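Residue numbers (the working numbering): 8 to 572. For every residue, glycine included, the Cβ atom is placed at its ideal position computed from N, Cα and C. Keep in mind the model is a prediction, meaning the values are calculated, not measured.
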């Protein structure tokens with residue numbers, strides 16, 4: 008059932024469009040405009056010429072590309088074997104392995120960077136033991152290598168999750184046919200399995216590239232400022248909002264982020280990856296040989312130890328009284344947690360408030376856009392989806408720069424308080440940046456709600472709004488929950504937009520507090536404690552969202568059953 012374009016549909020579409028224009032399109036457009044004009048408004052390409060004429064900027068540009076590409080490659084080396092072994096073979100503990108593999112996403116990468124220094128750094132646990140036992144060390148955390156290592160460890164779950172789904176959907180008959188023709192081992196994987204799972208791999212790898220390319224916190228914590236995101240931050244904070252170089256860097260970051268997504272689509276264009284049935288039904292998972300089992304379990308154990316080492320390192324650091332030039336802390340204390348609860352309790356409340364509101368806005372917008380796309384004839388409704396999804400390609404620091412530039416000097420009505428100096432801008436940045444996650448979940452959920460349920464409700468006299476509220480939304484509860492949780496979790500570890508938009512410590516969320524603590528050796532203990540609490544907050548937020556949705560489902564269950572009847 009596609010509804011007529013009623014006034015309510017126009018109003019909903021107009022409100023969504025207004026939000027996207029005010030807090031995504033216009034801020035980013037202002038960044039582009041500033042990059043291409045002189046101070047007097049005259050169009051120019053001189054700012055870009057100046058960018059490529061400076062050695063530091065060219066170095067930052069090359070380094071950013073290098074770090075993003077190498078991080079995607081190393082992330083793939085971690086994720087592909089994990090996905091392949093746990094999906095296509097009889098593998099004990101496969102679900103646990105896949106679950107542990109996603110854990111790095113709930114920790115801010117810049118927090119993990121500090122822990123990785125303590126474990127894999129020049130004087131870290133691993134190198135101290137290697138030097139003591141074998142007389143050599145590994146430069147794992149030296150220079151850009153450290154950034155690549157941390158980013159790959161943090162973002163490889165994007166490839167793991169997407170590739171796992173793709174491999175599960177492969178028709179087992181194709182694999183069986185290849186094996187009957189003598190195709191086995193590496194050749195079977197490279198010629199049959201991996202090409203069929205390529206859409207999932209490309210989707211994950213492009214996300215890794217984009218995320219690494221615009222990451223700000225990790226390079227700053229590791230002292231690597233010769234990349235684009237740190238340079239944009241330094242130009243805006245040290246030179247000022249009028250400096251055009253920060254806007255030029257922002258434009259380049261957006262162009263390459265969009266380019267990565269476009270390239271990923273181009274790689275898959277013109278090729279057919281469809282199979283005639285879902286995977287897993289026509290062939291049993293293969294059994295590994297004894298030697299293959301030893302090698303597979305050994306590799307996965309090594310990978311899990313490495314990817315979970317940041318969590319262990321942060322936990323140890325949060326209790327460490329002294330941890331310097333030793334494999335493990337020399338003494339332990341609870342003082343860091345006492346310091347955090349005494350000085351940073353407001354940051355915890357701010358995180359829950361900002362992320363909760365941002366995730367709430369995202370699911371409201373996600374449900375609205377999904378309904379407009381799938382259930383109405385609103386002209387150009389697909390543009391709402393495209394514009395909202397485009398925020399994936401907008402780095403957080405670019406969006407923050409756009410806010411500071413577009414809303415510069417604007418005050419709240421009836422006050423002298425600058426809009427850019429309020430926590431509202433932080434929350435809105437979170438909402439815009441995480442909107443695509445909630446939108447995709449809501450679209451998928453609405454696609455599974457048969458339109459006949461709405462028709463039945465309306466035939467019994469229910470209004471369109473009542474049908475949506477009592478029938479559609481409860482049936483979409485699972486997708487809404489997934490969108491809310493994903494938006495909440497990812498917003499809780501956002502730093503790039505936060506670091507520019509936070510104007511006072513009283514409005515700082517936990518990610519900003521962690522960053523401040525980590526700037527000094529003395530503050531790394533409290534920073535790690537706050538990082539552990541950030542993970543706890545994410546877990547609590549996830550649990551509470553489940554409780555809310557379950558109560559909502561139980562509340563509307565009778566209405567849903569009546570509609571089905």
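*Excluding five sequence neighbours on each side, which residues of the same chain lie with their C-beta closer than 6 Å to the C-beta of residue 519?*
505, 509
_Nearest-angstrom Cα separation, counted from residue 497 out to residue 438_ = 10 Å
*Taking Cβ positions, are residue 63 and residue 273 nearer each other than 9 Å?*
no
*Give, in chain order, every unbroken run of the alpha helix (DSSP H) that is at least 4 residues long and sits entirely within the stretch 137-201.*
151-175, 179-187, 192-195
_Starting from residue 328, trace the beta strand (DSSP E) in both directions and tell me its first and last residue._
327-329
*Residue closest to residue 210, alpha-carbon to alpha-carbon, out of 267, 103, 40*: 267
*asked:* Let's see if you can read the secondary structure: which residues bound the alpha helix (DSSP H) around residue 363?
replied: 352-382
*Buried or exposed: which applies to residue 147, given that a residue is buried once 16 or more other Cβ atoms fall within 10 Å of its Cβ?*
buried
*By the 10 Å Cβ neighbour count, where 16 or more other Cβ atoms means buried, how is residue 370 classified, buried or exposed?*
buried
*Determine the DSSP secondary structure at residue 444, reduced to helix, strand or coil.*
helix
*Determine, using beta-carbon pairs with one atom in the stretch 445-456 and one in the stretch 480-490, whether at least three such pairs fall under 8 Å.*
yes
*Could you give the uninterrupted runs of the alpha helix (DSSP H) lying entirely in the stretch 489-538, keeping only those of 4 residues or more?*
503-508, 517-524
_Buried versus exposed, by CB contacts within 10 Å (16 or more), residue 197_ = exposed
_Less than 9 Å between the C-beta atoms of residue 157 and residue 119, yes or no?_
yes
*Measure the beta-carbon distance from residue 578 to residue 536 and round it to whole angstroms, keeping in mind my assumption that it falls under 8 Å.*
As shown, the chain starts at 8 and ends at 572. That puts residue 578 outside it, with no answer to give.
*When the Cβ atoms of the stretch 247-264 are set against those of the stretch 44-62, are three or more pairs found closer than 8 Å?*
yes
_Supposed contact pair residue 315 and residue 145 - C-beta distance, whole angstroms, cut 8 Å_ = The pair is not a contact, with the Cβ atoms about 19 Å apart (cut-off 8 Å).
*Sort 488, 65, 432, 251 by Cα distance to residue 51 and report the nearest one.*
251
*Going by the CB atoms, is the gap between residue 540 and residue 323 shorter than 9 Å?*
no
*First and last residue of the alpha helix (DSSP H) that includes residue 226?*
224-228
*What is the C-beta distance between residue 132 and residue 308, in whole angstroms, given that I count them as a contact (C-beta under 8 Å)?*
The pair is not a contact, with the Cβ atoms about 18 Å apart (cut-off 8 Å).
*Limits of the alpha helix (DSSP H) - the one that residue 38 falls within*: 33-42
*The alpha helix (DSSP H) spanning residue 89 covers which residue range?*
62-95
*Spatial distance of residue 161 from residue 112 (CA atoms)*: 6 Å
_Neighbour flag for residue 215 against chain D, beta carbons, 9 Å_ = Among the protein chains of the structure shown there is no chain D, as only one such chain exists.
*Does the stretch 212-221 come close enough to the stretch 71-79 that 3 or more CB-CB pairs lie under 8 Å?*
yes
*Would a C-beta distance cut-off of 9 Å place residue 321 and residue 181 closer than the cut-off?*
no
*According to DSSP, what are the bridge partners of residue 25?*
Per DSSP, none; premise fails for residue 25.
*Going by DSSP, which residues form a beta bridge with residue 206?*
None, per the DSSP bridge assignment.
*In angstroms with no decimal places, state the Cα-to-Cα distance between residue 288 and residue 419.*
The pLDDT assigned to residue 288 is 46, lower than 50, so where the model puts this residue is not dependable, and the model offers no usable value.
*Just the C-alpha distance for residue 375 and residue 42, rounded to the nearest angstrom, thanks.*
34 Å
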